[in-house]
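Undergrad: Residue numbers (this note's numbering), protein chains in the order written: chain A, 99 to 234; chain B, 99 to 234; chain C, 99 to 234.
Quick one: this structure, given as structure tokens, is what I'll be asking you about.
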């Protein structure tokens with residue numbers, strides 16, 4: 099397992115971690131298989147979406163901020179219930195295909211760390227399973 | 099990895115791909131393990147839900163269309179921000195158990211490709227990992 | 099694959115199943131790999147979030163109940179469309195890293211079975227893939 103370090107600069111932010119995940123795969127010795135990208139936090143998640151136009155991420159975050167306001171009628175005392183709720187929708191893990199020792203993503207797909215209670219230094223865990231040889 | 103082809107006929111549509119995924123598994127040589135069903139698009143996703151009553155899928159899509167309207171105050175210039183946003187909630191992959199060389203699903207569960215910006219011809223990737231023998 | 103049994107006591111409820119999943123892993127012979135926690139139902143899901151303060155789960159469930167009301171303008175005849183819809187957002191599976199034969203979770207993370215149409219006796223499937231030895 100490889101641990102990535104991600105530094106968020108705002109309370110709510112999507113950060114492209116595709117290259118970091120790809121780099122992490124290099125030393126794992128898995129040529130064909132699947133890769134789990136896992137966020138070990140409860141106020142941040144991970145998703146896959148378009149990276150070409152930054153407006154897509156802005157629209158996504160604006161939607162979630164509108165649906166789950168920061169200040170609301172919440173019971174949790176820490177003032178970040180909105181972040182916990184958003185993580186349930188977004189998810190804590192993604193499962194991605196590995197082919198030829200590389201992440202196999204769609205043309206427009208990028209992997210985004212989703213910060214909902216930053217700024218903070220966060221971790222992302224990457225774990226690959228499969229076979230070392232190229233033959234399936 | 100096997101690539102499935104899925105043809106959507108409407109802008110927003112859930113398409114049952116269970117049989118296609120099951121067929122794809124047949125040649126993968128994995129008898130016991132897990133299977134990733136992965137959508138390599140950023141305006142379509144995959145989910146698991148009830149297939150017996152088509153009204154369930156209609157209710158699901160009606161909910162998402164109401165929560166994330168097609169036309170809204172979005173920044174992305176392509177006019178499909180709603181589709182990108184829905185994919186974040188629905189997800190781009192599902193992880194399913196393989197037993198005896200077959201998908202193991204619950205009684206009422208079916209796998210649905212979720213089109214949010216059709217009609218289009220789309221791909222779904224299926225990748226299995228595990229062992230060839232039946233012994234765990 | 100190990101099948102866990104989970105008994106919900108309310109219509110809508112989050113139940114911490116972390117210990118049950120950890121116990122299930124013990125006999126699977128996978129020391130390093132990933133673990134799929136899979137809910138074979140269409141009106142219940144699984145998520146990972148904070149377990150220290152029970153108010154977090156209350157806030158999560160209150161949010162989903164508000165966003166997707168039990169009684170609404172639904173087509174499905176069984177009166178539980180809200181449960182089917184919530185499962186799409188929450189998800190039917192989680193993928194978790196296994197290290198040293200144990201689940202590797204973040205400090206505050208717990209695995210929650212999410213009941214949306216209880217009370218019922220439910221199943222959760224746990225399947226691990228990877229290698230028996232500690233070397234990656």
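Beta carbons are placed, not taken as given, at the ideal position from N, Cα and C, and that holds for glycine.
Going along the chain, which unbroken runs of the beta strand (DSSP E) with 3 or more residues stay wholly within the stretch 118-187 of chain C?
TA: Counting only runs of 3 or more, we get 130-136 and 142-148.
Undergrad: For the stretch 176-197 of chain A, which residues have a beta carbon sitting closer than 7 Å to at least one beta carbon of chain C?
TA: Correct list: 179, 182, 183, 185, 186, 187, 189, 190, 191 and 193.
Undergrad: With 8 Å as the threshold, decide whether the Cβ of residue 138(C) is near any Cβ in chain B.
TA: Yes, because at least one Cβ of chain B sits closer than 8 Å to the Cβ of residue 138(C).
Undergrad: For residue 193(C), which of helix, strand or coil comes out of DSSP?
TA: Strand.
Undergrad: Cβ atoms of residue 214(A) and residue 142(A): under 8 Å apart, would you say?
TA: It is a contact, given that the beta carbons lie within the stated cut-off.
Undergrad: On the three-state DSSP scale, how would you describe residue 101(A)?
TA: Strand, per DSSP.
Undergrad: Quick one, are the C-beta atoms of residue 212(B) and residue 188(B) less than 8 Å apart?
TA: Yes, the Cβ-Cβ distance between residue 212(B) and residue 188(B) is below 8 Å.
Undergrad: Using a Cβ cut-off of 8 Å (strictly closer), state whether residue 207(C) contacts chain A.
TA: Chain A, which has a Cβ nearer than 8 Å to the Cβ of residue 207(C), makes this yes.
Undergrad: Per DSSP, what kind of secondary structure is residue 205(C) in: helix, strand or coil?
TA: Coil.
Undergrad: Would you decide whether residue 167(B) is buried or exposed? Buried here means 16 or more other CB atoms lie within 10 Å of its CB.
TA: Flag for residue 167(B) reads exposed.
Undergrad: Report yes if the CB atom of residue 138(B) is closer than 8 Å to the CB atom of residue 165(A), and no otherwise.
TA: It is not a contact, given that the beta carbons lie outside the stated cut-off.
Undergrad: Just to confirm before moving on: does the CB-CB distance between residue 123(A) and residue 201(A) stay below 8 Å?
TA: Cβ distance < 8 Å, so residue 123(A) and residue 201(A) count as in contact.
Undergrad: Alpha carbons only, please: which of 199(C), 216(C) and 191(C) is nearest the one belonging to residue 224(C)?
TA: Of the listed residues, the one whose Cα sits closest to residue 224(C) is 191(C).
Undergrad: Flag residue 117(C) as yes if its beta-carbon sits less than 8 Å from any beta-carbon of chain A, otherwise no.
TA: Output row for residue 117(C): interface = no.
Undergrad: What residue range is occupied by the uninterrupted beta strand (DSSP E) comprising residue 110(C)?
TA: Note, residue 110(C): premise wrong, no beta strand (DSSP E); not H, not E.
Undergrad: By the criterion of Cβ-Cβ separation under 7 Å, what are the contact partners of residue 91(C) in chain A?
TA: Limits of chain C in this structure are 99 at one end and 234 at the other, which puts residue 91(C) out of reach.
Undergrad: By the 10 Å Cβ neighbour count, where 16 or more other Cβ atoms means buried, how is residue 233(C) classified, buried or exposed?
TA: Caution is warranted here: a pLDDT of 48 is assigned to residue 233(C), below 50, making its placement in the model unreliable, and the coordinate value is therefore given only provisionally. Exposed: under 16 other Cβ atoms inside 10 Å.
Undergrad: Please list the residues of the stretch 162-176 of chain C that have a C-beta atom closer than 9 Å to any C-beta atom in chain B, keeping them in chain order.
TA: Those would be 165, 166, 170, 171, 172, 173, 174, 175 and 176, in chain order.
Undergrad: Within its chain, find whatever has a CB closer than 6 Å to the CB of residue 229(A); leave out the 5 residues flanking it on each side and keep chain order.
TA: Within the same chain, residue 229(A) has close Cβ partners 130.
Undergrad: Is the Cβ of residue 234(A) closer than 8 Å to any Cβ of chain C?
TA: Reliability fails at residue 234(A), whose pLDDT of 44 lies under 50, so the model's placement of it is uncertain and the value that follows must be treated cautiously. No - not a single Cβ of chain C is within 8 Å of the one on residue 234(A).
Undergrad: Which one or two residues does DSSP pair with residue 220(B) in a beta bridge?
TA: Paired residue(s): 104(B).
Undergrad: If you reduce the DSSP assignment to three classes, tell me which class residue 233(C) lands in.
TA: With a pLDDT of 48 at residue 233(C), under the threshold of 50, the modelled position of this residue cannot be trusted; read the value that follows with caution. Residue 233(C) falls in the coil class under three-state DSSP.
Undergrad: Can you grab the Cα-Cα spacing for the pair residue 111(B) / residue 173(C), in whole Å?
TA: Rounded to whole angstroms, residue 111(B) to residue 173(C) spans 16 Å at the Cα level.
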